[in-house]
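Under my numbering, the sequence shown has 63 at position 81, and the numbering climbs by one with no breaks. Heads up, the beta-carbon is just placed ideally off N, CA and C, and yes, glycines get one too. Presented below is the structure to which this report refers.
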Amino acid sequence: MQSSEGLDAAWTLQTTGLLRTALNLLVISQSISGWSISTRMTAHLDPKKLAALSSGLPWTGDDRRRGARHVWFLNAAFDRIGFDTALQRVAERPARDPFAFVVTPNVDHLVRLQTESVLAHLYAQAWLTVCDSRVLELIADLSGEALDVTTGADLTAALFEGVIKPDEPIVVIGGDESVIAGLKARYGLSDIRWHEPPMHLRHKPDAIAECAAFVAENPARFTFLCVGSPQQELVAEACLERGDCTGLGLCVGASLDFLSGKARRAPKWLQTLRLEWLFRLAEQPRRMWKRYLVDGSRILVLWWRWRRDRQRVSALEQRLFDQL
């Protein structure tokens, strides 16, 4: 018969083994999804707050939010805020603050996130991450997750219509002459500072550095990065690495095309029905068919795997509780 000390030792070893297994599974799952837990969880924190917390001192500044900060869905983290709050935070951020940027992941981005590790690294550095897809909102709702939608196009439109002053400088990276002319004509803007980078920007580090240098040389409250993903996020990262850029960068893809009149956006009723993707497919079939009909359909496989993994983690948690 084992002594009480022996039983205690056996129980400790068994519990430790289970905990180690749980931690290994979590590390493996995070490695597969390409996310760094420590980086992502602290990406939005103020450095002064991090210093205070790490030293054990009380934090007396303002907390940006209460409760859970993120919605973790399909291996990505979205800020748990609605459109009005997102707009307010963007509008109220001081123009002279060190550069930060906003990302707007959609279905295409989450699908590519599984194979393009660079996206996870770039998203982890974002100041704000909001959902750009009503299809993702629907899938999240079916999964019991509340995921608010703040599309890049809606956020950009709200800034031009109610926040940006006609005579204040704004920076645009991407687009063409028709986009710039359309924005000036529609909103009466007098100080658009535009840089047109070359094609295939992702594979041209010198051109990315030139974009960041342009942002540094033309300080503005808002910089609109409109060169597609992941090019626009790479430019944002280059701005961060320089250390002398200010203001807020918004990675908003084709948003300025819609506002300038270069491209048509789906009517509101189609957006409400979550069929904006179908409208864009009809408008640009040769460009969009693979993105929406082939690549986009992979979100269903990703969703199935995510639900399966969540069930496995829940079962593991139950096993741990049963053993304690």
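Can you tell me which of the three DSSP states residue i falls into?
i: threonine 132; result: coil
i: histidine 257; result: Strictly speaking, residue 257 in this sequence is leucine, with histidine absent from that position. In this structure, leucine 257 counts as coil in the three-state DSSP scheme.
i: threonine 67; result: helix
i: leucine 56; result: coil
i: threonine 86; result: coil
i: tryptophan 109; result: coil
i: leucine 207; result: strand
i: arginine 227; result: The displayed chain sequence assigns cysteine, not arginine, to residue 227. Of the three classes helix, strand and coil, the one that applies to cysteine 227 here is coil, per DSSP.
i: proline 80; result: strand
i: histidine 182; result: coil
i: arginine 51; result: coil
i: arginine 175; result: strand
i: isoleucine 146; result: coil
i: arginine 22; result: For arginine 22, the pLDDT reaches just 33, beneath the cut-off of 50, and the residue's location in the model is therefore unreliable, although a value from the coordinates is still provided. It is helical.
i: leucine 306; result: coil
i: aspartate 114; result: coil
i: valine 154; result: strand
Short of 6 Å in beta carbon distance, which residues of its chain neighbour residue i, apart from the five on each side in sequence? Order them along the chain.
i: arginine 247; result: Phe240
i: glutamate 299; result: none
i: glutamate 119; result: Leu129, Val131
i: arginine 294; result: none
i: valine 145; result: Ala73
i: asparagine 88; result: Asp114, Ser115
i: glutamate 215; result: Leu104, Cys233
i: phenylalanine 65; result: Thr132
i: methionine 270; result: Arg262, Leu263
Looking only at C-alpha atoms, which of the options sits nearest to residue i?
i: arginine 168; options: Gly225, Leu230, Gln266, Ala139; result: Ala139
i: leucine 124; options: Arg294, Gln305, Arg289; result: Arg289
i: aspartate 308; options: Leu282, Asn200, Ser279; result: Any answer about residue 308 is impossible in this case: the structure gives the chain only from -17 up to 306.
i: phenylalanine 206; options: Ala195, Arg175, Lys186; result: Arg175
i: glutamine 96; options: Asn57, Ile146, Cys233, Val276; result: Asn57
i: arginine 256; options: Val117, Ser160, Glu265; result: Val117
i: cysteine 233; options: Ala122, Leu171, Val153; result: Val153
i: glycine 164; options: Glu215, Tyr105, Glu265, Ser242; result: Ser242
i: lysine 147; options: Gln214, Ala135, Leu104, Ala73; result: Ala73
i: threonine 67; options: Glu258, Val112, Asn88, Asp291; result: Val112
i: glycine 134; options: Lys250, Ile162, Gly235; result: Gly235
i: threonine 86; options: Gln305, Ala108, Leu306; result: Ala108
i: cysteine 208; options: Ile162, Pro249, Ala198, Lys250; result: Ile162
i: glutamate 265; options: Arg280, Pro249, Thr254; result: Pro249
Since I believe residue j is in contact with residue i (beta carbons under 8 Å), could you give me their beta-carbon distance rounded to a whole number of angstroms?
i: proline 179; j: isoleucine 155; result: 7 Å
i: alanine 191; j: leucine 183; result: That belief does not hold up - the Cβ atoms of alanine 191 and leucine 183 are roughly 11 Å apart, past 8 Å.
i: glycine 231; j: alanine 218; result: 5 Å
i: arginine 203; j: glutamate 150; result: 7 Å
i: glycine 278; j: valine 100; result: About 20 Å separates the two Cβ atoms, so there is no contact after all.
i: leucine 110; j: arginine 71; result: 7 Å
i: leucine 238; j: glycine 170; result: So it is not a contact: roughly 16 Å between Cβ atoms.
i: lysine 244; j: serine 160; result: 5 Å
i: tyrosine 274; j: leucine 263; result: 5 Å
i: alanine 122; j: phenylalanine 55; result: 5 Å
i: threonine 212; j: glutamate 98; result: First, the amino acid is wrong: residue 212 is proline here, not threonine. The pair is a contact, with the Cβ atoms about 7 Å apart (cut-off 8 Å).
For residue i, which residues in the same chain have their Cβ closer than 7 Å to its Cβ, ignoring the five residues on either side in sequence?
i: alanine 78; result: Note on residue identity: the sequence assigns arginine, not alanine, to residue 78. Hits under 7 Å: Thr228.
i: leucine 69; result: Leu137, Ala140
i: histidine 52; result: Ala59, Phe60, Asp61, Arg62
i: aspartate 90; result: Arg273, Asp277, Gly278
i: glutamate 127; result: Val53, Phe55
i: alanine 198; result: Arg224, Asp226, Cys227
i: leucine 76; result: Before going on, a small fix: residue 76 reads as proline here, not leucine. Excluding residues within five positions, none has a Cβ falling inside 7 Å.
i: histidine 177; result: Ile155, Cys193, Phe196
Going by beta carbon distance, what residues of the same chain come within less than 8 Å of residue i, once the five residues before and after it are set aside?
i: lysine 166; result: Ser172, Ile174
i: leucine 252; result: Glu258, Leu260, Phe261
Using a C-beta cutoff of 7 Å, does residue i count as contacting chain C?
i: isoleucine 174; result: In the displayed structure, chain C is absent; only one protein chain is listed.
For the ligand COA, is there a heavy atom less than 6 Å away from the beta-carbon of residue i?
i: glutamine 305; result: The model depicted lacks the ligand COA and carries no ligand whatsoever.
Any contact between the segment 79 to 90 and the segment 218 to 226? By contact I mean 3 or more CB pairs, one from each, below 8 Å. With a cut-off of 8 Å, the segment 218 to 226 and the segment 79 to 90 count as touching, because enough Cβ pairs lie within range.
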